[in-house]
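A.B. asks: Handing you a structure now.
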């Protein structure tokens, strides 16, 4: 009932906005999809790690920034954007793996301590990155074929790259779904999410599955760093921004659910962009209201299950 | 360190301040039937017992040292080190109360303090004359503290729907959301600039802008907060709160209103954080979004964990170490690398001494043979 009312209100507002200024409305919609894609890329790794291992990795934002910086360096040297994306993924995956092996493996089940340690790690990493790369703003040059703008109906021109980001996020989301649902390792990961003890008892080396999942989750953050750095830019402070984004997305969508991350990212992306376009000083409030509503009615998130 | 030991160190250490048996299961059951002050000292009146518990010779020494300190120290040490430690310590104390005794680690305590600080600037006088209402300071402070406490209660009401690790994430998200709101909103929070020239008042001939009077003001607030926590954790409310921390389901089936207790704990912690926030805005003479950004929120957590959440004094110990590091780490390393130092110290403490500096101290005492370790010595827990 309440949901229908909210939907009706949103629909009415949309109709008004389209009649008022169709171009602004659809540009905002496309921008929101781009942002949602970025948020999904970052949050999917976060939620994957949490779902399987109950590890809250508050250094996830640092991995995003780290991947972006390494990707920038590789892209700058080699001139290849694809290599930069690959480097971003791999470097963040390696840092994530080291974190898993050195920290998380020794603190299984100690939620609070893990959180505190990752906060410490993120402070140290942020400062080391500031030390190495300084406070400058870096930008990437995506390859020519996705650079420039494309003519679309309704919105005369839209940056091609942003469309590419959306396509990429959908592709990665589908790949992640395929990996989790159809492959053997994916089945192990899902089994681990449901019952870690039983998985170990049936002869699977759980530690290996953990390490792999952590590496993939961290790598996704690094990949998102390069992709997001190309859409916007990279500078110190982005780490907390994306950490917050993944927190909110995961809280709204539900912990440990990749589908939930997609829905959460979509909601937050829409709220943020439409907020920025129509009520600039209060755009954060919309995000916040969505989070409060989600918590009030579904404390475990829209797609979350009881732990 | 095993998971069980860590959990005990983080959680139950404080519970045993109430002199209950350490065995978890029994403790909870017996807790309910106990009188408010479950310290059985035969032939002693209740009031004197409480007083004797609160004021031991050690306390007198510390208290005298704290009172004499500004008379010996330079204004820099009185104001920058002393008063700042006390103000930050009070905010961290609110987190220690929530986290150590309530089992709810909230990162939004700095946000509550920041709300109070902002409200003092909005209701009182500041450089932004278009926004500030210019009320007399007692009214402004009263309203600021009251509204900030209400905000803390609302934050609590929101975050107690979740448990453990979710609480940290949700309070972090709330805090950062408020930071962005304060930064983007110009009509109420004056955006990026915030408010300048928010001065402490002067009563009679006493100008609280000066180092020594402000130090005593901060000291008074800090002591009040400290003794409030110490009394509260012995009161029925505090005992029930500790029971809820250890086993919410059991407390629920015993008929305790779990959610209400938790929200009330947020309210009490919010009051302390709000007063700390007023002190900090007077200390800085200004407030801007930078006062309550993610770094500042996490600093409060660092302070509380650094000192040790096992005992309220840990918050102030942590604050002193933090402020000293902040002021003097520059002499050791580059000014820019302060975060590296504090992050490294925090990481080392979290990795090697989950009980913070208090835990280290107990360990040293144990090594020297003056007392057994933290977990098995009832005498230590009384202090």
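Residue numbers (this note's numbering), protein chains in the order written: chain A, 7 to 313; chain B, 78 to 460. C-beta atoms are modelled at their ideal positions from N, C-alpha and C, and glycine is treated no differently. As the structure is a prediction and not an experimental result, all values here were calculated from the model.
Let me check understanding here. Comparing Cα to Cα, which of 400(B), 393(B), 399(B), 359(B) lies closest to residue 190(B)?
C.D. replies: 359(B)
A.B. asks: Alpha carbon to alpha carbon, how far is residue 99(B) from residue 372(B)?
C.D. replies: Only weak support is given to the placement of residue 99(B): the predicted model assigns it a pLDDT of 39, under 50, and the value that follows is read from those uncertain coordinates. For residue 99(B) and residue 372(B), the distance between alpha carbons rounds to 37 angstroms.
A.B. asks: With distances taken Cα to Cα, identify the nearest neighbour of residue 333(B) among 344(B), 318(B), 346(B).
C.D. replies: Residue 318(B) holds the alpha-carbon nearest to the alpha-carbon of residue 333(B) among 344(B), 318(B), 346(B).
A.B. asks: Determine whether the Cβ of residue 322(B) lies closer than 7 angstroms to any Cβ atom of chain A.
C.D. replies: no
A.B. asks: Look at residue 295(B) and residue 211(B) and say whether their C-beta atoms are less than 7 angstroms apart.
C.D. replies: Not a contact, by the Cβ cut-off of 7 angstroms.
A.B. asks: Considering residue 389(B), what are the terminal residues of the alpha helix (DSSP H) in which it resides?
C.D. replies: Counted as a single uninterrupted DSSP element, the stretch harbouring residue 389(B) is not any alpha helix (DSSP H), since DSSP gives it neither H nor E.
A.B. asks: Tell me the DSSP bridge mates of residue 144(A)?
C.D. replies: 240(A)
A.B. asks: Between the C-alpha atoms of residue 87(A) and residue 337(B), what's the straight-line distance to the nearest angstrom?
C.D. replies: 55 angstroms
A.B. asks: Check residue 213(B) in the structure and name its three-state DSSP category.
C.D. replies: In the displayed model, residue 213(B) falls within coil according to three-state DSSP, outside both helix and strand.
A.B. asks: In whole angstroms, what separates the C-alpha of residue 265(B) from that of residue 208(B)?
C.D. replies: 7 angstroms
A.B. asks: Out of curiosity, what's the CA-to-CA distance linking residue 22(A) and residue 34(A)?
C.D. replies: 15 angstroms
A.B. asks: Taking all protein chains shown into account, do 16 or more other C-beta atoms lie within 10 angstroms of the C-beta of residue 413(B), making it buried, or fewer, making it exposed?
C.D. replies: Residue 413(B) is classed as exposed because its beta carbon has fewer than 16 other beta carbons within 10 Å across all chains shown.
A.B. asks: Would you kindly work out how many angstroms separate the C-alpha atoms of residue 103(B) and residue 387(B), rounded to a whole number?
C.D. replies: Interpretation of residue 103(B) is limited by its pLDDT of 37, a score under 50 that renders its predicted location unreliable; the figure taken from the coordinates is listed afterwards. Those two C-alpha atoms are separated by around 21 angstroms.
A.B. asks: Comparing C-alpha positions only, which one of 366(B), 443(B), 424(B) sits nearest to residue 109(A)?
C.D. replies: Nearest in C-alpha terms to residue 109(A), of all of 366(B), 443(B), 424(B), is 424(B).
A.B. asks: Any beta-carbon of chain B closer than 7 angstroms to the one on residue 245(A)?
C.D. replies: It does not: the Cβ of residue 245(A) has no partner Cβ on chain B nearer than 7 angstroms.
A.B. asks: With a threshold of 7 angstroms between beta-carbons, can residue 417(B) be considered close to chain A, or not?
C.D. replies: yes
A.B. asks: What's the call for residue 142(A), buried or exposed, on a 16-neighbour Cβ count within 10 Å?
C.D. replies: exposed
A.B. asks: I think residue 186(B) touches residue 377(B), with their Cβ atoms under 8 angstroms apart; what is that distance to the nearest whole Å?
C.D. replies: Yes, residue 186(B) and residue 377(B) are in contact; Cβ-Cβ is about 5 angstroms, under 8 angstroms.
A.B. asks: What is the rounded straight-line gap between the Cα of residue 313(B) and the Cα of residue 137(B)?
C.D. replies: Distance between the alpha carbons of residue 313(B) and residue 137(B) is about 27 angstroms.
A.B. asks: Does the beta-carbon distance from residue 383(B) to residue 395(B) come in below 7 angstroms?
C.D. replies: yes
A.B. asks: Return helix, strand or coil for residue 147(B), following the three-state DSSP convention.
C.D. replies: helix
A.B. asks: To which residues of the same chain is residue 259(B) closer than 6 angstroms at the C-beta, ignoring the five residues directly before and after it?
C.D. replies: 266, 366
A.B. asks: What's the gap between the Cα of residue 99(A) and the Cα of residue 278(A)?
C.D. replies: 29 angstroms
A.B. asks: If contact means a Cβ-Cβ distance below 7 angstroms, which residues of the segment 394 to 412 of chain B contact chain A?
C.D. replies: none
A.B. asks: Could you give the residue range of the alpha helix (DSSP H) that holds residue 188(B)?
C.D. replies: 186 to 200
A.B. asks: Starting from residue 134(A), find everything on chain B with Cβ-Cβ shorter than 8 angstroms and list it in chain order.
C.D. replies: Here the neighbours are 417.
A.B. asks: Would you identify the three-state DSSP class for residue 312(B), choosing helix, strand or coil?
C.D. replies: coil
A.B. asks: Could you compute how far the alpha carbon of residue 119(B) sits from the alpha carbon of residue 303(B)?
C.D. replies: Below a pLDDT of 50, predicted positions are generally treated as unreliable, and residue 119(B), at 44, falls in that range; no measurement from the model is reported.
A.B. asks: Check this for me: beta carbons of residue 254(B) and residue 176(A), under 7 angstroms apart or not?
C.D. replies: no
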